[in-house]
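Visitor: The opening position of the sequence shown corresponds to residue 402 in the numbering used here, with each subsequent residue numbered one higher.
Cβ coordinates follow ideal geometry from the N, Cα and C atoms, glycine included.
From a predicted model like this one, the values you see are computed outputs, not experimental measurements.
A single structure is presented below for examination.
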Amino acid sequence: MHTAIVTGANRGVGREVAKQLVMLGCRTILTSRDESKGQLTVNELKQALGTQLAGELIYHQLDVMDAESVHKLYNFVLDEYGAADILVNNAAVLLDQCGRVIQTPVEIYRITMATNVYGPLRLCQMFIPLMIQGNYGRVVNVSSGAGQIENMVNDMTAYRLSKIALNGLTLMLADSVRGTNVLINAGCPGWVRTEMGSPDAPRSAEEGAQGIVWLATLPDGGPHGGFFRDRQQLPW
């Protein structure tokens, strides 16, 4: 049974990714910064899934900006399961919905980068060596079309900058493990009806999660070092 970690999974796309992974038989560790909300999500999913709960669903608190919190998760996974096979870096913040590049305070950029880029980097630095050692790993950095260079405009600038950086990080990580059975990609769920998205968005969380789950469960020899939405490769 593969062990999967999904960050920021108490709601939205992350919750749906965790749900779909456990339905596929993965031992899925659902994480969130808020422990009470995360544990409630696990309980709700277990009750809702019933006999569809093909894998195991476990909760662990995680603040991706806190190195000690990441170490606690790492030690838990190492002690209980020996390694993590799948890492979905989903936790993210959008603090500047209408933020313009000149007007948005630098502090907003700093906080956004800390969560959306340095958080995934910290987790990758901890867990990818275990994947290499175990000769199996799938890493999905949940990105956004907002980070595509060719579509760059002057709004949500802190968020956009963080996704540009996350895409670059994905390429660096992919190059670092080339020749191993660790596949690393960025995935875009599209514009989804979540708290971060909009109630007017055209896609459900379930639809947005499907492409992420596909990347998280790629067969050996699958795509590596790419940017995908709905199983289709996107330009950076």
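(1) If contacts are defined as beta-carbon pairs under 8 Å, then Trp637 and Phe629 qualify, I think. What distance do you get, rounded to the angstrom?
(2) Please classify Pro442: is it buried, with 16 or more other beta-carbons within 10 angstroms of its beta-carbon, or exposed?
(3) DSSP state of Leu584, grouped into three classes?
(4) Assuming Gly591 is part of the beta strand (DSSP E), what are its boundary residues?
(5) May I ask you to report which of helix, strand or coil DSSP gives Ala602?
(6) Report the residue ranges of all alpha helix (DSSP H) runs contained in full by the stretch 452-534; include only those spanning at least 4 residues, in chain order.
(7) What residue range does the alpha helix (DSSP H) around Gly538 cover?
(8) Could you round the C-beta distance between Met466 and Ala410 to whole angstroms and report it? I think they count as a contact, below 8 Å.
(9) So, under 8 Å CB-CB, Ile585 and Leu574 are touching, yes? Tell me the CB distance rounded to an integer number of Å.
(10) Can you check whether the CB of Val540 is closer than 9 Å to the CB of Met532?
(11) Considering only the alpha carbon of each residue, which of Ser433, Thr513, Ile487, Tyr519 lies closest to Trp615?
(12) Shortest alpha-carbon distance to Ile550 belongs to which of Asp480, Leu562, Val407?
(13) I need the DSSP call for Leu431, collapsed to helix, strand or coil.
(14) With distance defined between alpha-carbon atoms, name the residue in Leu496, Asn491, Met557 nearest to Ala587.
(15) According to DSSP, which residues form a beta bridge with Arg630?
(16) Taking just the CA atoms, how far does Thr452 sit from Thr558?
(17) Quick check: Thr432 and Leu454, are their CB atoms within less than 9 Å of each other?
(18) Who are the Cβ neighbours of Leu572 in its own chain at under 7 Å, not counting the five residues just before and after it?
Guide: Straight from the coordinates:
(1) Numbered from its first residue, the sequence shown carries residue 637 at position 236. Numbered from its first residue, the sequence shown carries residue 629 at position 228. Contact between Trp637 and Phe629 is absent: CB atoms are separated by about 11 Å, not below the 8 Å threshold.
(2) Your numbering for residue 442 matches position 41 in the sequence shown. Sequence inspection shows Thr at residue 442; the Pro mentioned does not correspond to that position. With 16 or more other Cβ atoms within 10 Å, it is buried.
(3) On the sequence shown, residue 584 is found 183 positions in, with the first residue counted as 1. Three-state DSSP puts Leu584 in a strand.
(4) Here residue 591 refers to the residue found at position 190 of the sequence shown. It is not in any beta strand (DSSP E) - Gly591 carries neither H nor E in the DSSP assignment.
(5) For this step, residue 602 is matched to residue 201 along the sequence shown. The three-state secondary structure of Ala602, taken from DSSP, is coil.
(6) Taking only runs of at least 4 residues, the alpha helix (DSSP H) segments lying wholly in the stretch 452-534 are 468-482, 507-514.
(7) The residue you call residue 538 lines up with position 137 of the sequence shown. In the DSSP annotation of this structure, Gly538 is not part of any alpha helix (DSSP H); the continuous beta strand (DSSP E) holding it starts and ends at 538-543.
(8) Translated into positions along the sequence shown, residue 466 becomes position 65. Translated into positions along the sequence shown, residue 410 becomes position 9. Met466 to Ala410, Cβ: 16 Å. No contact.
(9) Numbered from 1 along the sequence shown, position 184 holds the residue referred to as residue 585. Numbered from 1 along the sequence shown, position 173 holds the residue referred to as residue 574. Ile585 to Leu574, Cβ: 5 Å. Contact.
(10) Numbered from 1 along the sequence shown, position 131 holds the residue referred to as residue 532. Numbered from 1 along the sequence shown, position 139 holds the residue referred to as residue 540. Against a cut-off of 9 Å, the Cβ pair of Val540 and Met532 comes out as a contact.
(11) As a working note, residue 615 is residue 214 in the sequence shown. Of Ser433, Thr513, Ile487, Tyr519, the residue nearest in Cα terms is Ile487.
(12) In the sequence shown, the residue the question calls residue 550 occupies position 149. Out of Asp480, Leu562, Val407, Leu562 has the C-alpha closest to the C-alpha of Ile550.
(13) Here residue 431 is taken as the residue at index 30 of the sequence shown, counted from 1. Annotated three-state conformation of Leu431 is strand, per DSSP.
(14) To locate residue 587, count along the sequence shown from 1; it is residue 186. Cα-wise, what sits closest to Ala587 is Asn491.
(15) Walking along the sequence shown from the start, residue 630 turns up at place 229. As computed with DSSP, Arg630 is found in a beta bridge with Gln633.
(16) Taking the first residue of the sequence shown as 1, we reach residue 558 at position 157. Taking the first residue of the sequence shown as 1, we reach residue 452 at position 51. In this model, Thr558 and Thr452 are separated by some 44 Å (Cα to Cα).
(17) Numbered from its first residue, the sequence shown carries residue 432 at position 31. Numbered from its first residue, the sequence shown carries residue 454 at position 53. For Thr432 and Leu454, no; Cβs fall outside 9 Å.
(18) In the sequence shown, the residue the question calls residue 572 occupies position 171. Excluding sequence positions up to five before and after Leu572, its CB lies within less than 7 Å of the CB of Gly626, all in the same chain and listed in chain order.
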